[in-house]
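Numbering (our numbering), first residue to last: -19 to 182. In this text, a Cβ means the ideal position worked out from N, Cα and C, and glycines have one as well. Predicted model only: the values in this text are computed from it and were never measured.
Written as structure tokens, this is what we have:
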């Protein structure tokens, strides 16, 4: 656990980390009898946000997280990298010492590891003890300009969008209409003021 946190702290980026077991359970329990409401990386990591399912389970980010969970845990489908990209998550952390039994879960560490190994959009880059770190091959910039705005009726459709076009999307049966967006290069730059505040220039 400490080695994993130290490795993340040494990386130059501050991209988000998806904690695989906790896309389904908001609290943490390990086979070595440690338990907490949050992932230990919350307190040990200095800059990379750790994304887990929140207790209230509401909001658009939660919908993306649930869609990623369903795409990952469904053997009949190919996990979609798009959900990770829109969550601005570069890393996927698989904690193989997570106590699935504690949550009476149908999954276990071997099953989840199999799902991750089948996902061609991920590459395993580091292992520390029972913790494996994967890196997503498809990402989107944290802040970017776009000439492609898509309407989707449900969050699962986001998995089909062409990330190479750097699209944005609007969700739901909205009356909003879009005229043809101006083609050309959109240049953006931004300054991070705080973890939750950015100044953007377009």
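At the level of alpha carbons, what is the spacing between residue i and residue j?
| i | j | result |
| --- | --- | --- |
| residue 169 | residue 123 | 8 Å |
| residue 77 | residue 97 | 17 Å |
| residue 82 | residue 9 | 7 Å |
| residue 165 | residue 15 | 49 Å |
| residue 73 | residue 102 | 11 Å |
| residue 100 | residue 54 | 15 Å |
| residue 153 | residue 134 | 9 Å |
List the endpoints of the continuous alpha helix (DSSP H) containing residue i.
| i | result |
| --- | --- |
| residue 180 | Careful: residue 180 lies outside any alpha helix (DSSP H), inside the beta strand (DSSP E) at 177 to 181. |
| residue 23 | 21 to 24 |
| residue -16 | -18 to -10 |
| residue 97 | 89 to 98 |
Should residue i be counted as a contact of the ligand NAP given a C-beta to heavy atom distance under 6 Å?
| i | result |
| --- | --- |
| residue 132 | In the structure shown, the ligand NAP is absent, as is every other ligand, since no ligand is present at all. |
With the cut-off set at 7 Å, would you say residue i and residue j are in Cβ contact?
| i | j | result |
| --- | --- | --- |
| residue 221 | residue 64 | Outside the shown range of the chain (-19 to 182) lies residue 221, about which nothing can therefore be said. |
| residue 6 | residue 44 | no |
| residue 51 | residue 40 | no |
| residue 69 | residue -4 | yes |
| residue 172 | residue 143 | no |
If you drop the 5 nearest sequence neighbours on each side, which residues of the same chain put their C-beta closer than 7 Å to that of residue i?
| i | result |
| --- | --- |
| residue 141 | 62, 130, 147, 149 |
| residue 20 | -19 |
How is the beta strand (DSSP E) around residue i delimited, first residue to last?
| i | result |
| --- | --- |
| residue 114 | 111 to 116 |
Excluding the five sequence neighbours on either side, which residues of its own chain have a C-beta within less than 8 Å of the C-beta of residue i, listed in chain order?
| i | result |
| --- | --- |
| residue -13 | 106, 108, 113 |
| residue 95 | 52, 53, 55, 59 |
Which residues in the same chain have their Cβ closer than 6 Å to the Cβ of residue i, if we skip the five residues on either side of it in sequence?
| i | result |
| --- | --- |
| residue 139 | 60, 62 |
Completely contained alpha helix (DSSP H) runs for the region 2 to 87, where each covers 4 or more residues: 21 to 24, 40 to 53, 61 to 66
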